[in-house]
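Inspection log for the structure reproduced underneath, given as structure tokens.
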Amino acid sequence: MKFYILQRIIQALVVVSAITVAVFVVLRLSAGDPARIRAPVFARPDVIEQYRRDFGIDRPIVEQLGSFISSALRGDLGMSFRFQAPVSELIAVALPKTLALAGVSLAISLVLAVFLGAMAATRPRSVWAVLSTVLATLGQSAPVFWTGALMVMLFAVNFGWLPAGGYNGLSSLILPAIAVALSILPTQLRVLRSSMRGVLGEEYIRTAHAFGLSPHRITFVYALKNACLPLLTVIGVDVGYLLGGVIVAEVIFAFPGIGELALVAMKARDYPLIQGITIITASLFVIVNLLIDLAYAAVDPRIRMEKL
């Protein structure tokens, strides 16, 4: 088990390092000359050259990369052109709000997927099965920006129950979290429902019924534990969709998280900030998948034995 954990951590570090190098190089090749972007329109060549020295882009790209990695290891991701503030500080302010929104969205989707998936598997003709089908279809067909705009019109503008945007405590998380949760719910719901149906046909479930255990205990204690294993893998895949949905929801709801910060950075061509946001979000994706792999191996020892 220790060797498996070490192996997965090394793989994650290699992936994060590759992402960092790729993002750095691609932005240097595609973002244009930041000195000309930030300098006045009719700036003299010597002024532009001074900007290049200030930004550190007058050196070879390999030297720039080494300097960036050295600084990044100390937590320094550079200085934002747009805000004239350290990128790490800007991300540190916005990231907790994004993580809170992502966490609430994932919690809502998991609760709905587990409950509705289990009920739909055990009672295929009940109202729960119909509700699960409706939610899965709605989430699959309606993008986050459409669902978010509709919720703003209904619950914020028409009824005035919840704030339309911004961040004013937990109430500001409800609408964007539901919009994001609906976008990742269909896959989780279908996987759990299918897995639950397979588990309910196992021999030990029939034995539990023969011993007279209550149907709810059999479903939500014995069957659900094994049926949730495939859900862990789906969550790892959904993290990418979750982060993408959160970024879109932040723009729709004017939520002051990483998504809104990234939009401002792209409009201003603030490539140090874009670079920092991309590296941090990609690293989060890798870390979450690493944790899910380790959790899966802890729950099912066959996984780590197959990897070794």
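Counted from 1, the sequence shown has number 206 at position 206 by the working numbering; the numbering is strictly sequential.
Here a beta-carbon is modelled for each residue, glycine too, at the ideal position from N, C-alpha and C.
{"query": "Burial state of residue 3 (16 or more Cβ within 10 Å)", "result": "exposed"}
{"query": "Residue interval of the alpha helix (DSSP H) (run including residue 253)", "result": "Note, residue 253: premise wrong, no alpha helix (DSSP H); not H, not E."}
{"query": "Nearest neighbour of residue 23, chosen from 271, 291, 288, 292 [CA to CA]", "result": "271"}
{"query": "Residue burial classification, residue 66 (beta-carbon count within 10 angstroms, cutoff 16)", "result": "exposed"}
{"query": "Burial state of residue 93, where buried means 16 or more other Cβ atoms lie within 10 Å", "result": "exposed"}
{"query": "Nearest-angstrom Cβ-Cβ length linking residue 15 and residue 286, presumed shorter than 8 angstroms", "result": "5 angstroms"}
{"query": "Per DSSP, cross-strand counterpart(s) of residue 60", "result": "Paired residues: none, contrary to the question."}
{"query": "Straight-line Cα distance separating residue 235 from residue 280", "result": "19 angstroms"}
{"query": "Residue 188 burial status per 10 Å Cβ neighbour count (16 or more: buried)", "result": "buried"}
{"query": "Span separating the alpha-carbon of residue 247 from that of residue 96", "result": "13 angstroms"}
{"query": "Beta-carbon proximity list for residue 305, same chain, < 6 angstroms, skipping 5 on both sides", "result": "Summary for residue 305: the model assigns pLDDT 48, below 50, so the residue's position carries little reliability, and this model does not support an answer."}
{"query": "Sub-8 angstroms separation of residue 132 and residue 181 beta-carbons", "result": "no"}
{"query": "Residue 163 - DSSP class collapsed to helix/strand/coil", "result": "coil"}
{"query": "Residue environment, residue 193, which counts as buried when at least 16 other CB atoms sit within 10 Å", "result": "buried"}
{"query": "Cβ neighbour criterion (16 or more within 10 Å) applied to residue 308", "result": "With a pLDDT of 46 at residue 308, under the threshold of 50, the modelled position of this residue cannot be trusted; read the value that follows with caution. Exposed."}
{"query": "Three-state secondary structure (DSSP) of residue 86", "result": "strand"}
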